[in-house]
Structure formats: structure tokens, C-alpha cells
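Colleague: Below you'll find the structure I mean.
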Amino acid sequence: MLLYIHVPFCRSKCRYCAFVSRPLDMAEVEVYATSLPLEIRAFGKKLGRPKVETIYFGGGTPSLLPPWALSRIIPELVKHFDIHPAVEWTFEANPDSALDVDYLRALIGYGVNRLSLGVQSFADADLQFLGRPHKAKAAMAAFGAARQAGFANISLDFIWGLPGQREATWLENLKTAVRLRPEHLSCYGLTVEPETPLAALAAAGELELPLEIEQGRMYVHGAEYLEEQGYLQYEISSFARMGFQSRHNSGYWEGRDYLGLGPGAVSTLGGVRHENPRDVREWAALAKTGRCGIGGVALTREERVREFVMLALRTAKGLRLSLYRRLTGIDFLKENEGLITALRQNELIRISAGHLRLTKNGFLVSNLILERLRY
Ligand code: SF4
Numbered sequence: 000m001l002l003y004i005h006v007p008f009c010r011s012k013c014r015y016c017a018f019v020s021r022p023l024d025m026a027e028v029e030v031y032a033t034s035l036p037l038e039i040r041a042f043g044k045k046l047g048r049p050k051v052e053t054i055y056f057g058g059g060t061p062s063l064l065p066p067w068a069l070s071r072i073i074p075e076l077v078k079h080f081d082i083h084p085a086v087e088w089t090f091e092a093n094p095d096s097a098l099d100v101d102y103l104r105a106l107i108g109y110g111v112n113r114l115s116l117g118v119q120s121f122a123d124a125d126l127q128f129l130g131r132p133h134k135a136k137a138a139m140a141a142f143g144a145a146r147q148a149g150f151a152n153i154s155l156d157f158i159w160g161l162p163g164q165r166e167a168t169w170l171e172n173l174k175t176a177v178r179l180r181p182e183h184l185s186c187y188g189l190t191v192e193p194e195t196p197l198a199a200l201a202a203a204g205e206l207e208l209p210l211e212i213e214q215g216r217m218y219v220h221g222a223e224y225l226e227e228q229g230y231l232q233y234e235i236s237s238f239a240r241m242g243f244q245s246r247h248n249s250g251y252w253e254g255r256d257y258l259g260l261g262p263g264a265v266s267t268l269g270g271v272r273h274e275n276p277r278d279v280r281e282w283a284a285l286a287k288t289g290r291c292g293i294g295g296v297a298l299t300r301e302e303r304v305r306e307f308v309m310l311a312l313r314t315a316k317g318l319r320l321s322l323y324r325r326l327t328g329i330d331f332l333k334e335n336e337g338l339i340t341a342l343r344q345n346e347l348i349r350i351s352a353g354h355l356r357l358t359k360n361g362f363l364v365s366n367l368i369l370e371r372l373r374y
């Protein structure tokens, strides 16, 4: 099983953010650090001390959790879950709260072995536009601190397609990242999420993004550059040096069971999906009753197939056609014959070794392709 822990606190809210996160409030951290052990205990009991192969502390900004909060939460995890000796244990951090080598060493001491650092850009103007609380210099310093602390598996997150960004400036960002030799890179295109300050800017006609053709060049040439440098693309936004693909995220894309704890966290266990209340105090009240994970919704067969196809086509491995046929009794290629011919002619998909996969250009327009395919 994959285990996800949501930490809903951030230094301040970024302008593009639609995640469950709120500005840090120590009274709420206290509530969180008291309630999470209750939820951990409840699920550990309910699932019979389940085996956990990957753990992911995401957010929000997990690195804002003070040491006293970690010392309440992590021992409970170890006690109530059967953690695999070769667990992949990721902790997300933002540069401004990952500068303390002792804090990072303490994480390693707990068993964390992968750090995911939200760099987003090495240009201060981009960071300011995004509303990030750190400067590029802090990202460099945090990376150095993480290495000094002993992290041998570090992932850096970036956002491309920002206002004023060009292919050359995006590639410059990637070159700076590659010089650091992280094990993994995640590169997300900027998306304007509803009800964010960025959406308000767009609605006012004040958001000027790079032209689509320029964005296309950023994505495809960026991915080619990373592959030349030894970072293989294994998913739409993910690149890794050999052996450093995220096992946790790969588990999601393979449709494995996952348990999500913390406010707003989602779980899918045995085909039943459950979402925690997003509000910290509402979630805490539920954790106190011990009635966690009640009221999930069973996914229909159609929903499961749909997710299976969508997730498989995000990956470089692609969709295993024989597995699709086994699940649905339908021949995917025949069902989509005309569209598949057109996509192949335009080099947006490739079919080989029994898999249908999107090319880099295909990844770029994956939403449009997924909308048109029948499955
Ligand atoms: S750091 Fe991440 S989770 Fe926090 S506000 Fe910014 S984008 Fe949202």
C-alpha cells in the first residue's frame, strides 16, 4: 500500500495554488499534531497494521512542521503500520524551510530517504510572479543543505510556461538544475486553477502567457534536453536518473491502493474512494471520534477503466492493450480505429510491444487526445 500524509500549512498562499493549504498558524499545527496520531491509530487498527511500501509527506509544506510535531507523528506511523525495510519515504520541502541541516538530518534519522524540493524557477522574477516566499539563492542553499545532511535522492520541482518566459530562459533553468545533479526532476506546465489570484488576473485580461507554439517548444525541447543529460522521461511531467523514478507516484499511475491521511487527503482502497474533510478543525473532530474513513464511494467499473486508461497514458510505458482487453472485453485499437490512424500519422502516439503510448508531442496535447478517445 502507498501512504500519503497531507500537511496543510504553508508560509503564505502562492498565487496559482489550488491545493489544500493555509498560512501557518501554530494553534492549528497543535491541533494537527494531536489529531494525526489519532487518525494513524484508527486506520492502523482498521486495516490490521497494513504493509506500507512508500510514504509521501506532501502538502502544503511538510518542512514547516516543527520537530516537536514530527516527534508526535512519526513514531505513531512506525507503531501502527508495517513499514517495508526498503520503503521509499519522501518529504516535500520548500527552500525557505529546508535550510537547517540539523532538521534535515533529523528527517533522515526518522527514515525519510527522498526529499522533494519546490524550486519552481531559478529566476527571482518568476518566483515573485508565482507568489513564492523564497528566492533562487535559497533554493541553491537548500539543495546544498540537503546534500550535506545526507540526502542521496533529491527531486526538484519546476513550473514552465510562465509569463515572460521563453524557450531559452526555460532551458537556462533546466541547465542550472542539471548542474546540481539531482536524482529527479518534475516539470509542470503552469495551469490557471479556478478561484486563485491567477484566475482573477486572467479574468481581468492581465495574464499574458507565452504563445502556445513557444510553450510547445519549451516542453518538447526541455524534455529532449533532460534526456540528453541522462534524465529519462517516465511520465508527462517526471524525469529521473536511472533507478530514481518515484515509486510512490508510479504506484498511483499503476492504480495501486493508497491511503491518504490528514485534512483533504484522498484514499482509494479496494475500489472505494474516500476524501477527508478539508478544514483542519472539521477533520480533527472526525479523527477524535475514531470513525475515520467512513462514507467512501465505490468506483463504478466505468470509472475504474477510465482512470486506468488516463493514468496509463500519462506514463512513458503507455497503455497495455492486452490488459485493457482483459478488463473490458473491448479491442481498444478497433474501438478508436479512425482516430488512432490520424494520431499515428501526426506522430502523437506510438504503438509497439503491445503498448499504446503518447509521444512527447502527444503528451503536450494529452488532454485533447484523452477527450477524443473512446474507452
Ligand atoms: S507552497 Fe505549494 S501548497 Fe503551499 S501555497 Fe505554494 S503552491 Fe500551494
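Numbered as in numbering that gives the first Met the number 0, the sequence shown ends at 374 without a single skipped number. Even glycine gets a Cβ: it sits at the ideal position worked out from N, Cα and C.
(1) Could you check where the alpha helix (DSSP H) with A212 kicks off and where it finishes?
(2) Provide the residue(s) that pair with S237 in DSSP beta bridges, ordered along the chain.
(3) Grouping DSSP H, G and I as helix and E and B as strand, with all else coil, what is S154?
(4) Please state whether DSSP places S365 in a helix, a strand or coil.
(5) Relative to the C-alpha of D95, which residue among K78, L116, S237 is closest?
(6) From the DSSP secondary-structure annotation, give me the bridge partner or partners of E370.
(7) Please tell me whether F8 and G59 are closer than 8 Å, where the distance is taken between their beta carbons.
(8) Should K45 be flagged as near chain C, meaning a C-beta pair shorter than 8 Å?
(9) Taking the straight line between their C-alpha atoms, what separation do you get for W425 and S236?
(10) I'd like the span of the alpha helix (DSSP H) that includes L38, first residue to last.
(11) Does the Cβ of C13 lie closer than 7 Å to at least one heavy atom of ligand 1?
(12) Please confirm whether any heavy atom of ligand 1 lies closer than 7 Å to the CB of S154.
(13) From this set, R319, R373, P61, which residue's C-alpha is nearest A32's C-alpha?
(14) Between the C-alpha atoms of G43 and F80, what's the straight-line distance to the nearest angstrom?
(15) Which same chain residues end up closer than 6 Å to A137 when comparing Cβ atoms and leaving out the 5 residues on each side of it in sequence?
(16) Going by DSSP in three states, K134 sits in which element: helix, strand or coil?
(17) Taking just the CA atoms, how far does I329 sit from R303?
(18) Can you tell me where the beta strand (DSSP E) holding K50 begins and where it ends?
(19) Of all the beta strand (DSSP E) runs that stay within the bounds of the stretch 64 to 121, which reach a length of 3 or more residues?
(20) Going by the CB atoms, is the gap between V19 and R277 shorter than 8 Å?
(21) According to DSSP, is A297 helix, strand or coil?
(22) How far does the beta strand (DSSP E) with T267 in it extend, from its first residue to its last?
(23) Where DSSP assigns a beta bridge to P358, which residues make up the other side?
(24) Suppose the cutoff is 6 Å on Cβ atoms and the five residues either side in sequence are ignored; what does the same chain contact list for L260 look like?
(25) Any idea what DSSP makes of V6, helix, strand or coil?
(26) Is it the case that the Cβ atoms of L347 and T358 are separated by a distance below 8 Å?
(27) Using only the heavy atoms of ligand 1, determine whether one of them is closer than 7 Å to the beta carbon of N93.
(28) Measuring only the C-alpha atoms, how far is F169 from G317?
(29) Would you call the CB atoms of L2 and L310 closer than 8 Å?
(30) Beta strand (DSSP E) containing Y257: first to last residue?
(31) Using a Cβ distance threshold of 8 Å, determine whether the stretch 204 to 212 contacts the stretch 144 to 157, with at least three qualifying pairs required.
(32) Check whether the Cβ atoms of L355 and L298 sit closer than 8 Å, and answer yes or no.
(33) With a CB to CB cut of under 7 Å and the five nearest residues on each side skipped, what residues in its chain are close to A201?
(34) Quick check: L98 and A141, are their CB atoms within less than 8 Å of each other?
(35) Thinking C-alpha only, which one of L179, T327, T175 is nearest R146?
Modeller: In this structure, then:
(1) The sequence given here has Ile at residue 212, not Ala. Taken as a continuous stretch (DSSP letters only), the alpha helix (DSSP H) holding I212 covers 211 to 227.
(2) S185, E234
(3) strand
(4) helix
(5) L116
(6) Beta-bridge pairing links E370 to no other residue.
(7) yes
(8) Checking the listed chains, one finds no chain C in this structure; it contains a single protein chain.
(9) The structure shown does not extend to residue 425, since the chain is modelled only from 0 through 374, so no value can be given for it.
(10) First, the residue type needs correcting, since residue 38 is Glu and not Leu in the sequence shown. Note, E38: alpha helix (DSSP H), 25 to 45.
(11) yes
(12) no
(13) P61
(14) 6 Å
(15) P94, D95
(16) coil
(17) 15 Å
(18) 50 to 58
(19) 81 to 92, 113 to 119
(20) yes
(21) strand
(22) 265 to 268
(23) As written in the sequence, residue 358 is Thr, which differs from the Pro given in the question. Answer is none; T358 lacks a bridge partner.
(24) I4, E38
(25) strand
(26) yes
(27) yes
(28) In the sequence on display, residue 169 carries Trp and not Phe. When rounded, the distance between both Cα atoms is 27 Å.
(29) no
(30) 257 to 260
(31) no
(32) no
(33) V191
(34) yes
(35) L179
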